[in-house]
Amino acid sequence: EAQVTQNPRYLITVTGKKLTVTCSQNMNHEYMSWYRQDPGLGLRQIYYSMNVEVTDKGDVPEGYKVSRKEKRNFPLILESPSPNQTSLYFCASSLSSATRGYTFGSGTRLTVV
Amino acid sequence: GENVEQHPSTLSVQEGDSAVIKCTYSDSASNYFPWYKQELGKGPQLIIDIRSNVGEKKDQRIAVTLNKTAKHFSLHITETQPEDSAVYFCAAKQNNNDMRFGAGTRLTVKP
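Taken in sequence, the protein lines are chains A and B. If you're matching positions, the first sequence starts at 1 in the numbering used here and goes up one per residue. If you're matching positions, the second sequence starts at 1 in the numbering used here and goes up one per residue.
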């Protein structure tokens, strides 16, 4: 089944403890992206990647890192999480940046205390 | 850059009634306008989309209209059912640029 898989689904952590949220797609998509969803703000882009080894900042990149060493994986790294990073995170992918349809993962609900 | 505004933020309708959600965008270069439905505990799923060279598109009970001059587009759901209850997001995109999303509309269909 074609899908975007995120792990974990839920995570509670403490301020300052590094964490990684994984994202993997099995559709051979070139384009991958991370969003955070907050009430009243919709989906805001954190980082995106046009292809392997190519990443760029979205609208809200502060406090996050990403890497794209392989086409299928696009992990989101929080080196020193803070409470304002408590949010619902979604990974998405599409065939290319020019392609219209995005496929989203099921989301990761992160709480930083 | 592109800015997408979506209204209303919440919408409650009686089963069988119609629901309309409206979005406006700022960048006339945007040429693709998808709508996503997000059910509880799931990621957004594409339900319908429209390109800038088309004024209206329909898929069963769902339709989308686009007014390029006014830079707004709308989602119309007819004969609503309880399973239509979800959060709906509009979005706008230019060719190689990234998708810009509206803030979302929480639709509740009361049986």
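No residue lacks a Cβ here, since even glycine has one placed at the ideal position from N, Cα and C.
Counting along the chain, ARG44/A sits inside the beta strand (DSSP E) bounded by residues 42–51. Measuring C-alpha to C-alpha distances from GLN45/A to each of PHE101/B, ILE62/B, CYS23/B and LEU107/B identifies PHE101/B as the nearest. Taking each of ASN7/A, SER93/A, GLU70/A and PRO61/A in turn and checking the Cα distance to ASN84/A, the smallest one comes out for PRO61/A. Straight-line spacing of the CA atoms in ALA70/B and THR108/A works out to 37 Å.
Counting only Cβ-Cβ distances below 8 Å, ALA19/B has no contacts in chain A at all, with the closest Cβ about 18 Å away. Annotation for GLU56/B: the continuous beta strand (DSSP E) segment containing it runs 56–59. Along the segment 28–56 of chain B, going in chain order, the ones with a CB nearer than 9 Å to a CB of chain A are TYR32, PRO34, TYR36, GLN38, GLY41, LYS42, GLY43, PRO44, GLN45, LEU46, ASP49 and ARG51.
Assigned with DSSP and collapsed to three states, GLN85/A falls in helix. The three-state secondary structure of ASP84/B, taken from DSSP, is helix. For PHE90/A, the residues of chain B that pass the 8 Å Cβ criterion are GLY43 and PRO44, in the order they occur in the chain.
Nearest in C-alpha terms to ILE50/B, of all of LEU75/B, ARG61/B, GLY41/B and GLN38/B, is LEU75/B. When ASP59/A, SER33/A, ASP38/A and GLY42/A are compared, the shortest CA-CA separation from SER49/A is found for SER33/A. Residue pairing for HIS72/B: DSSP places it in a beta bridge opposite THR24/B and ASN67/B. Around the beta-carbon of LEU41/A, fewer than 16 other beta-carbon atoms lie within 10 Å, marking it exposed.
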